[in-house]
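In what follows, a structure is listed as structure tokens, so that the remarks can point back to it.
Number of protein chains: 2
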Amino acid sequence: MAYELYYWPTIQGRGEFVRLALEEAGADYIDVARESEGIAVMMRMMDHAEHPPLAPPFLKDGDTIIGQTAAILLYLGARHGLAPKDPAGGLWTHQIQLTIADLVAEAHDTHHPVGVGLYYEDQKAEALRRSDEFCENRIPKFLTWFDTILARNPAGDAHLVGRSLTYADLSLFQLVEGLSYAFPKATGRALKQAPRVAALHDAVARRPRIKAYCASPRRIPFNQEGIFRRYPELDR
Amino acid sequence: MAYELYYWPTIQGRGEFVRLALEEAGADYIDVARESEGIAVMMRMMDHAEHPPLAPPFLKDGDTIIGQTAAILLYLGARHGLAPKDPAGGLWTHQIQLTIADLVAEAHDTHHPVGVGLYYEDQKAEALRRSDEFCENRIPKFLTWFDTILARNPAGDAHLVGRSLTYADLSLFQLVEGLSYAFPKATGRALKQAPRVAALHDAVARRPRIKAYCASPRRIPFNQEGIFRRYPELDR
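Chains as they are written, first to last, in the UniProt record's numbering: chain A, 1 to 236; chain B, 1 to 236.
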């Protein structure tokens, strides 16, 4: 039975981390909300499920519904060889994913520092201040950390964990994609100090299934509604 | 061998979610940074470990180092009977924990909406705006969600998952503690609409080990350096 992915149909957002894992795994899945009536189905499930997710994305596998991006990847990683089988390696992969999620949340807040309920235009002054800190301190801090753990991987710096691809590698690819779209100048500077991160991003981009996916209409282009938005004034 | 917990020694912060699980489990642990030279040891580990956490808290169990609060609880929950043994129940518990973590991050950002590198006093105007949204929309949204999943638990509304205590129950207790400290008015209003959450909080507070811990000097009082801070002007 095909997985059912539920996420907003017009943005990459957090759902993209799940889409990339499903695509790399060659898994059979339906991106439900992109079909007609899909959003209505998604909203009904959030209202009525025994285990209702607070927010999309969530994944349905038979009777099991899983919310929270990192939890979905924990589930998929174990099923599709996208995480080490040993518990310590699996937990380390998950820890990296949660750290990626932290920076994703901060990237969102650069354009919504006051609240999700308001437009960007109504919090632009705050966004400028927050983005200063984000570009100057947070992007370099996180990308340097990823570079460090790549350098310390005893199996080599081609992957974050062990000698094989994990969902954390895919997510780091997507993080770099998003940051490079939203903050090209700041991210470019930070990547020069994190060459292993840049190399991993490029290697993931060349993987046949990821390359085919990114060239397909299934890959929604970045836009001004997602988590990663290009407001040039915020890219310091 | 005792667990070693590494976290800032003067605040509850994210470390408190781990402390509560260790206390309820009756686990032998050392709160390393509260001992002399402890902070220096913590900083050295973050610099030099093969799996360096980006930030505290982290837990050392023999040779294993685990960062990210939710990952630590995933690890401890399985070892100390604080999570269901079945994979679906374990994942649901983790999903709830990640949702708690989301609100904890938002609570932090009420007093630091612009950036962690600046003082509250330098971002007070932004903090007032962000707290409006937090008090009016976010606290009610999350507490209502917890109330809903308690109501839908087929095993009854005494616990978030199944019929036994999990680390998610302990974390929800701590979330309510923190919100009630920082935003007594807004949280009081929201808890009236989430009576199951209030009841679970009170039941956890009465558990012998939690009660003893909270009365002990090991429980650091809330203060103006932690995640949950009481700035009365932010409590709308």
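Cβ coordinates follow ideal geometry from the N, Cα and C atoms, glycine included.
Would residue i be called buried (16 or more neighbouring beta carbons within 10 Å of its own) or exposed?
i, result
"B/Ser216", "exposed"
"A/Arg79", "exposed"
"A/Glu50", "exposed"
"B/Ser164", "exposed"
"A/Met45", "buried"
"A/Ala190", "buried"
"A/Asp147", "buried"
"B/Pro53", "buried"
"B/Ser36", "exposed"
"B/Ala212", "exposed"
"A/Gln224", "exposed"
"A/Ala71", "buried"
Whose C-beta lies closer than 6 Å to the C-beta of residue i among residues of the same chain, with five residues either side of it excluded?
i, result
"A/Asp28", "Ala2"
"B/Glu4", "Ile30, Val32, Lys60"
"A/Tyr120", "His111"
"A/Ile96", "Leu160, Ala168"
"A/Thr93", "Ala83, Val161, Thr166, Ala168"
"A/Pro9", "Ala33, Arg34"
"B/Arg14", "Pro57, Thr69"
"B/Val176", "His201"
"A/Phe142", "Leu103"
"B/Pro184", "none"
"B/Pro154", "none"
Could you confirm whether any beta carbon from chain A is found closer than 8 Å to the beta carbon of residue i?
i, result
"B/Gln68", "yes"
"B/Ile149", "yes"
"B/Gly115", "yes"
"B/Ala71", "yes"
"B/Ala105", "yes"
"B/Pro52", "yes"
"B/Glu126", "yes"
"B/Arg236", "no"
"B/Leu82", "no"
"B/Thr166", "no"
"B/Asn223", "no"
"B/Leu59", "no"
"B/Thr64", "yes"
"B/Arg229", "no"
"B/Arg209", "no"
"B/Arg189", "no"
Since residue i contacts residue j with CB under 8 Å, what's their CB separation in whole angstroms?
i, j, result
"A/Glu126", "B/Val114", "6 Å"
"A/Ile220", "A/Gln12", "5 Å"
"A/Leu91", "B/Ile66", "6 Å"
"B/Ile227", "B/Gly178", "7 Å"
For chain B, check one thing: does any of its Cβ atoms lie closer than 8 Å to the Cβ of residue i?
i, result
"A/Glu88", "A quick correction: the sequence has Ala, not Glu, at residue 88 of chain A. Chain B, which has a Cβ nearer than 8 Å to the Cβ of A/Ala88, makes this yes."
"A/Thr99", "yes"
"A/Tyr75", "yes"
"A/Trp8", "no"
"A/Asp109", "yes"
"A/Glu233", "no"
"A/His94", "yes"
"A/Glu133", "yes"
"A/Arg44", "no"
"A/Leu91", "yes"
"A/Arg130", "yes"
"A/Arg152", "yes"
Looking at residue j and residue i, is the spacing between their C-beta atoms short of 8 Å?
i, j, result
"B/Ile209", "B/Glu24", "The question names Ile, yet the displayed sequence has Arg at residue 209 of chain B. In this structure, B/Glu24 lies closer than 8 Å to B/Arg209 by Cβ."
"B/Ile139", "B/Ala101", "no"
"A/Leu200", "A/Leu172", "yes"
"A/Pro57", "A/Val104", "no"
"A/Ala88", "B/Thr99", "no"
"A/Asp109", "B/Asp109", "yes"
"A/Leu22", "A/Leu76", "yes"
"B/Arg236", "B/Glu136", "yes"
With a threshold of 8 Å on Cβ separation, who are the neighbours of residue i within its own chain once the five nearest residues in sequence on each side are excluded?
i, result
"B/Leu128", "Glu233, Leu234"
"A/Ile149", "Ile96, Leu160"
"A/Arg218", "Arg19, Glu23, Asp31"
Leaving aside the five residues before and after residue i along the sequence, list all residues of the same chain whose C-beta is less than 7 Å from its C-beta, in chain order.
i, result
"A/Arg229", "His111, Ala182"
"B/Val204", "Asp169, Leu170, Phe173, Ile210"
"B/Thr144", "Gln193, Ala194"
"B/Asp157", "Leu150, Ala151, Arg196"
"B/Val41", "Val32"
"A/Ala198", "Leu191"
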